[in-house]
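In what follows, a single structure is set out as structure tokens and then discussed.
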Amino acid sequence: MTTIIDGKEISKKLREDLNKEIKNLKNKYNAVPGLAVIQVGNVAASSVYVKAKTKSAQEVGIEVIDHHLEESVSQDELLNLIEKLNNQKNVNGILVQLPLPKHMNEQLILDSIHPDKDADGFHPLNVGKLSIASHNDENLLIPCTPYGCLLMLKGLNIELAGKNAVVVGRSNIVGKPMAQLLIKESCTVTVAHSKTNDLPNVCKNADIIVAAVGRPKMIKGEWIKKGAIVIDVGINRIEVEIDGERKNKLVGDVDYKEAEKSASAITPVPGGVGPMTIACLLRNTTIAFKNSR
Ligand code: GUN
117 MTTIIDGKEI SKKLREDLNK EIKNLKNKYN AVPGLAVIQV GNVAASSVYV KAKTKSAQEV
177 GIEVIDHHLE ESVSQDELLN LIEKLNNQKN VNGILVQLPL PKHMNEQLIL DSIHPDKDAD
237 GFHPLNVGKL SIASHNDENL LIPCTPYGCL LMLKGLNIEL AGKNAVVVGR SNIVGKPMAQ
297 LLIKESCTVT VAHSKTNDLP NVCKNADIIV AAVGRPKMIK GEWIKKGAIV IDVGINRIEV
357 EIDGERKNKL VGDVDYKEAE KSASAITPVP GGVGPMTIAC LLRNTTIAFK NSR
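The sequence shown begins at 117 in our numbering and counts up by one.
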């Protein structure tokens, strides 16, 4: 029997726990965590994510400070806003939704967020802390998507130490921090990417596969070892024909139907990693609030 890892259910429990914690923090400090959410322009996917993040944050009791800027805003204007938020007392976390417009230097913007308010865990100081920390440090601000993946793996209650983990994708947002987290769990980690030789065979060796390439159904069923755990980070919109009509559908980076036959556990798309990313953002914001006290 293949376990379908229910990200919706796991994230619901996380959000309920956060809601309780935030109520206690409010009693103790007469204040709640504040999250500034910045969106520049109107990329459709970003609007969907920002809306979902805002709604979830408010539901757990986080105050959301929303800044939706025009696509044409200058880099200096954005830097000024971040500087203002860095000094704003009711703001504990700052999130700049990516991607940013082409006229902006994304890394420069991420570097300008105060590391203590880095809700995404993308600041170089937090990236460095994650790679150095040898144990789980409750105060760390860890990138949300890979941390969500780790929590799903831990929820399976299996021994992670010694497992062969293959992370497909080497992005700063997912692939690299995912590898760091798995190293901390004493997995043997391979980071594969577009230049990897013989990717199918690399994947066939994996006890755990984390797919984060952004290509619909790229990881095939026959690449999955019998009993492997498959975590699919991909959220790809494709057009399919249903009853003679062309419709949009969300699919992952893994060919789910085929992979499910070999995997011992697998995350669905949607309803897998996506909700976990949001819950971990709320967790980071709450950690940043507690660290500030
Ligand atoms: N764009 C895609 N994923 C993310 C994320 O985790 N954080 C931010 N800020 N932007 C993203």
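Just so it is clear, CB atoms sit at the ideal spot from N, CA and C, and this is done for glycine as well.
Are Val180 and Gln174 touching if we call contact CB-CB under 8 Å?
Here the question's residue 180 lines up with position 64 in the sequence shown. Here the question's residue 174 lines up with position 58 in the sequence shown. Yes, the Cβ-Cβ distance between Val180 and Gln174 is below 8 Å.
Short of 7 Å in beta carbon distance, which residues of its chain neighbour Val176, apart from the five on each side in sequence? Order them along the chain.
The residue given as residue 176 occupies position 60 in the sequence shown. Take Val176, set aside five residues on each side of it, and the residues of its chain with a beta-carbon closer than 7 Å to its own are Arg131, Leu134, Asn135, Ile138 and Leu398, in chain order.
Please go through the same chain and pick out, in chain order, the residues whose beta-carbon is closer than 7 Å to the beta-carbon of Asn364, but skip the five residues on each side of it.
Start at 1 with the first residue of the sequence shown, and residue 364 comes out as number 248. Only Arg353 and Glu355 meet the Cβ criterion.
Start-end ranges of the beta strand (DSSP E) lying completely within the segment 336 to 390, minimum 3 residues
345 to 348, 352 to 358 and 361 to 367, all fully within the segment 336 to 390.
In chain order, each alpha helix (DSSP H) run of at least 4 residues that lies wholly inside the segment 304 to 336
If we require 4 residues or more, the alpha helix (DSSP H) runs fully inside the segment 304 to 336 come out as 315 to 320.
Does the separation of the CB atoms of Leu297 and Pro262 fall below 8 Å?
Within the sequence shown, the letter at position 181 stands for residue 297. Within the sequence shown, the letter at position 146 stands for residue 262. Contact: yes.
Looking at Thr261 and the ligand GUN, is the gap between the Cβ and the nearest heavy atom below 7 Å?
As a first step, residue 261 must be located in the sequence shown, where it is residue number 145. Correct: Thr261 has its Cβ closer than 7 Å to the ligand GUN.
Pairwise C-alpha distance: His230 and Ser190:
By one-based count along the sequence shown, residue 190 stands at place 74. By one-based count along the sequence shown, residue 230 stands at place 114. Taking the straight line joining both Cα atoms gives about 20 Å.
Does the Cβ-Cβ distance between Ser287 and Ala328 come in under 8 Å?
For the purposes of this step, residue 287 is taken as residue 171 along the sequence shown, with counting starting at 1. For the purposes of this step, residue 328 is taken as residue 212 along the sequence shown, with counting starting at 1. With a cutoff of 8 Å on beta-carbon distance, Ser287 and Ala328 are scored as near each other.
Coil, strand or helix - Thr119 by DSSP:
The sequence position of residue 119 within the sequence shown is 3, counting from 1. Annotated three-state conformation of Thr119 is strand, per DSSP.
Sufficient close CB pairs (3 or more, under 8 Å) joining the segment 306 to 315 to the segment 343 to 353:
Counting C-beta pairs with one atom in each stretch, the segment 306 to 315 and the segment 343 to 353 have fewer than three that are closer than 8 Å, which means they do not touch.
So, using beta-carbon positions, are Ala395 and Gly271 closer together than 8 Å?
Residue numbering aside, residue 395 sits at position 279 when the sequence shown is read from its first letter. Residue numbering aside, residue 271 sits at position 155 when the sequence shown is read from its first letter. For Ala395 and Gly271, no; Cβs fall outside 8 Å.
To the nearest angstrom, how far is the alpha carbon of Asn255 from that of Ile248?
Translated into positions along the sequence shown, residue 255 becomes position 139. Translated into positions along the sequence shown, residue 248 becomes position 132. Put simply, the backbone Cα of Asn255 is about 14 Å away from that of Ile248.
Measuring only from the beta carbon, is Gln155 closer than 7 Å to any heavy atom that is part of the ligand GUN?
Indexing the sequence shown from 1 puts residue 155 at position 39. No - the ligand GUN has no heavy atom lying nearer than 7 Å to the Cβ of Gln155.
Thinking Phe238 and Pro217 are a contact (beta carbons under 8 Å), I'd like their distance in whole angstroms, please.
On the sequence shown, position 122 is the one that residue 238 refers to. On the sequence shown, position 101 is the one that residue 217 refers to. Contact flag wrong, Cβ pair sits at about 18 Å.
Segments of 3+ residues assigned as beta strand (DSSP E) that fall wholly inside the segment 249 to 299
Fully enclosed beta strand (DSSP E) runs of 3 or longer: 280 to 284.
Exposed or buried, Ile358, counting other C-beta atoms within 10 Å across all chains shown (16 or more means buried)?
Locating residue 358 in the sequence shown gives position 242, where the first residue counts as 1. Exposed: under 16 other Cβ atoms inside 10 Å.
Verify whether the separation of the beta carbon atoms of Ala281 and Ile324 is less than 8 Å.
Walking along the sequence shown from the start, residue 281 turns up at place 165. Walking along the sequence shown from the start, residue 324 turns up at place 208. Going by C-beta atoms, Ala281 is nearer than 8 Å to Ile324.
Distance, Leu214 Cα to Asp234 Cα:
To locate residue 234, count along the sequence shown from 1; it is residue 118. To locate residue 214, count along the sequence shown from 1; it is residue 98. Inter-residue distance for Asp234 and Leu214 is about 14 Å (C-alpha atoms, whole angstroms).
Contact defined as beta carbons within less than 8 Å: I believe Ser408 pairs with Asn208. What is the distance between those atoms, to the nearest angstrom?
Walking along the sequence shown from the start, residue 408 turns up at place 292. Walking along the sequence shown from the start, residue 208 turns up at place 92. Contact between Ser408 and Asn208 holds: CB atoms are separated by about 6 Å, below the 8 Å threshold.
Nonlocal neighbours in the same chain, by C-beta distance under 8 Å from Glu275, ignoring five residues either side
Here residue 275 is taken as the residue at index 159 of the sequence shown, counted from 1. There are no such residues.
Compute the Euclidean distance between the alpha carbons of Lys373 and Tyr145, then round it to the nearest angstrom.
Here residue 373 refers to the residue found at position 257 of the sequence shown. Here residue 145 refers to the residue found at position 29 of the sequence shown. Lys373 and Tyr145 have their C-alpha atoms some 49 Å from each other.
Suppose you measure from the CA of Ala277 to the CA of Val290; what does that come to, to the nearest Å?
Here the question's residue 277 lines up with position 161 in the sequence shown. Here the question's residue 290 lines up with position 174 in the sequence shown. Straight-line Cα distance between these residues: approximately 21 Å.
Can you find the residues in the same chain that come closer than 7 Å, C-beta to C-beta, to Ile126, ignoring five residues on each side of it along the sequence?
To locate residue 126, count along the sequence shown from 1; it is residue 10. A distance below 7 Å between beta-carbons, with the five flanking residues on each side excluded, links Ile126 to the following residues of its chain, in chain order: Leu267, Met268, Gly271 and Met392.
Alpha-carbon spacing of Arg331 relative to Val367, whole angstroms:
The residue labelled residue 331 in the question sits at position 215 within the sequence shown. The residue labelled residue 367 in the question sits at position 251 within the sequence shown. Taking the straight line joining both Cα atoms gives about 9 Å.
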